[in-house]
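Following: one structure in structure tokens, then a few remarks.
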Amino acid sequence: ILFQLITKTIEDSHINFVSNISNIAQGPALEIALSCKKIIANNKTIFKFEEVDNGLMPFFGSIQRLLRLIGYKNVLDTLLNKKYIDYESAKSFKVVNTNISDIIKVNQKKNFWDQSFTNTFIFYNSKIHSKTKNKLPAYNAVLSCIFEGAVCGYEAALSIERKWLQWLLKQENTIKKLN
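According to the numbering used here, the sequence shown is numbered sequentially starting from -19.
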């Protein structure tokens, strides 16, 4: 909860926090950068999301920020498949070298539970279960954060992210992986 409070404070601040990333950004540093109003980057910039493979999930609110910045299909692919966003993708998503807070405000809309939305999550759920055989609960937690967070407002989605982090930290496989 404290970590989300830090990034939420940066995000909501009247001060224009700016992040400058010139190489690989990952973990908490990346999550703090994503809460800034602007990310300055160059062609060597790579956003890495390896938490899921390490038994964790981004928990500073980045799942919900990314969901609103790049859309649920891109977040699913990024966090569960590719594990990174390169500079060209970040540029096309308008995550770098633009005012992020404007994009998040514009994308506060909730997704509708239509057939395409449902089919996408059924596909990823099946893919995760065949890939992890239910031995990596972080994948389930991230999928649920995206699925549930996509259909509600931003504040509620941050609460959902906290709930799934708490669930994840209680899972036996997570505890073993962290030890």
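Glycine included, every Cβ here is placed at the ideal spot set by N, Cα and C.
Fair warning: this is a prediction, and the values are worked out from it, not measured in the lab.
query                                                                                                          : result
Quick one, which of V(-2), G35, S139 and N0 has its alpha-carbon nearest K150's?                               : G35
Quickly, what does DSSP pair D66 with across the bridge? List them, please.                                    : I26
Give the single residue among Q(-16), N114, S15 and G133 whose Cα lies nearest to the Cα of N(-4).             : S15
Determine the extent of the alpha helix (DSSP H) in which V75 is found, giving its start and end residues.     : Taken as a continuous stretch (DSSP letters only), V75 belongs to no alpha helix (DSSP H), as it is neither H nor E.
Does the separation of the CB atoms of I4 and A13 fall below 8 Å?                                              : no
Is it buried or exposed for L123, if we count other Cβ within 10 angstroms and need 16 for buried?             : buried
Skipping 5 residues on each side, what residues in its chain have a beta carbon closer than 8 Å to that of P8? : F(-17) and F40
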